[in-house]
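Report on the structure given below.
Numbering (my numbering), first residue to last: 313 to 627.
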């Protein structure tokens, strides 16, 4: 278990971690979600021991690691840019961390081969790192992190440079590995889809502060303000409330006449921007089946019912 207790950090006059208290249990993922410059990567570096907090403590499995050097914390980090060693092949990249820990060569090779098999790269031991795809390199990076049996896994936006399908696949694999190895993990990201896909709990960060914390369901159903709602990817966000998709009823007999302002076609659905007489601009997602059935075009009007009981008001 990781515990960050009253963590405070300033760079000059800028506070990047303002009395932060967070914890994550073994086998669970805490996602720290926030825009660039909010302090989330600094907080990750503090947990890793790469940055020393001005105040506060870092506890791992009941022990105080605040002043422990990073190389003695047994923490693994997976970076966005993979951080692999280009002069070593796939297997030797995974073995490298074990060698640094003084593991016997035969044992290190055995464990590295098992780690590569676990991430789907068995038989790729002698391939040059530069000949691997981005997804393969990230899997090597994950294998290298897991093979050391770390006390804590830190994920620094590791999937953001990958293609959409590969991102989803590696997120799922990473979650499974975290659960299987019973490791506490922190993911920092600016992508709400990524955070909600893997996290057991989320911390929303702004200006060095945690502005909201909870499970994915708690944040989706009760964001504290418009900023939090937009950060988690909500649409139809107004000043004091937001209207989720389940509150919208297309072509309802009791709906209000709403004009189509814009159509954005996605692979899975069509997104319509409508002008509603009471709530202003509203985004409605429709399946392709409905969109094609009604052959909707810009400036067409449709009946949109908004279920007022399902509107979520900010606290």
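We put the beta carbon where it would ideally sit given N, CA and C, even for glycine.
Sort the options by Cα distance to residue i and report the nearest one.
| i | options | result |
| --- | --- | --- |
| residue 609 | 535, 403, 493, 586 | 586 |
| residue 530 | 582, 398, 624 | 624 |
| residue 347 | 554, 394, 373, 517 | 517 |
| residue 350 | 326, 364, 335 | 326 |
| residue 459 | 440, 493, 441 | 493 |
| residue 438 | 406, 411, 464 | 406 |
| residue 368 | 345, 532, 322, 461 | 322 |
| residue 461 | 534, 627, 434, 415 | 415 |
| residue 584 | 611, 568, 345, 559 | 611 |
| residue 589 | 582, 595, 571 | 571 |
Which residues bound the beta strand (DSSP E) around residue i?
| i | result |
| --- | --- |
| residue 581 | 581 to 588 |
| residue 570 | 568 to 577 |
| residue 357 | Unbroken run through residue 357 is the alpha helix (DSSP H), 352 to 360; no beta strand (DSSP E). |
| residue 368 | 367 to 372 |
| residue 559 | Looking at the DSSP string, residue 559 is not in any beta strand (DSSP E), and its letter there is neither H nor E. |
| residue 387 | 387 to 391 |
| residue 401 | No beta strand (DSSP E) contains residue 401, which DSSP labels as neither H nor E. |
| residue 343 | 341 to 345 |
Ends of the alpha helix (DSSP H) at residue i?
| i | result |
| --- | --- |
| residue 602 | 600 to 606 |
Per DSSP, which one or two residues make a beta bridge with residue i?
| i | result |
| --- | --- |
| residue 335 | 315 |
| residue 320 | 367 |
| residue 383 | In DSSP, residue 383 forms no bridge with anything. |
| residue 626 | None, per the DSSP bridge assignment. |
| residue 618 | 560 |
| residue 378 | In the DSSP output, where bridge partners are listed per residue, residue 378 has none listed. |
| residue 327 | 322 |
| residue 467 | 390, 499 |
| residue 597 | 583 |
| residue 592 | 588 |
| residue 613 | 571 |
Contact between the region 561 to 581 and the region 532 to 546: three or more CB pairs below 8 Å?
Contact between the region 561 to 581 and the region 532 to 546 is absent, because fewer than three Cβ pairs lie under 8 Å.
Considering only residues of the region 469 to 543, which uninterrupted alpha helix (DSSP H) runs meet the minimum length of 4 residues and lie entirely inside it, listed in chain order?
If we require 4 residues or more, the alpha helix (DSSP H) runs fully inside the region 469 to 543 come out as 476 to 493, 504 to 510, 528 to 533, 538 to 543.
Ignoring anything shorter than 4 residues or poking outside the region 404 to 449, list the alpha helix (DSSP H) runs there in chain order.
417 to 430, all fully within the region 404 to 449.
Do the region 449 to 463 and the region 479 to 488 touch if we need at least three Cβ pairs shorter than 8 Å?
Between the region 449 to 463 and the region 479 to 488, the count of C-beta pairs closer than 8 Å reaches three or more; the two stretches touch.
Inspect the CB distances between the region 487 to 496 and the region 393 to 406 and report whether three or more fall short of 8 Å.
Too few Cβ pairs lie closer than 8 Å, so no.
Could you check whether the region 349 to 364 touches the region 461 to 468, counting it as contact only if at least three pairs of C-beta atoms, one from each stretch, sit closer than 8 Å?
The region 349 to 364 vs the region 461 to 468: in contact.
Contact between the region 544 to 557 and the region 373 to 389 is defined here as three or more beta-carbon pairs at a separation below 8 Å; is this criterion met?
As far as the Cβ criterion goes, the region 544 to 557 does not touch the region 373 to 389, which means the pair count is below three.
I want to know whether the region 408 to 424 touches the region 369 to 379 - three or more CB-CB distances under 8 Å.
Proximity of the region 408 to 424 to the region 369 to 379 falls short of the contact definition, fewer than three beta-carbon pairs being nearer than 8 Å.
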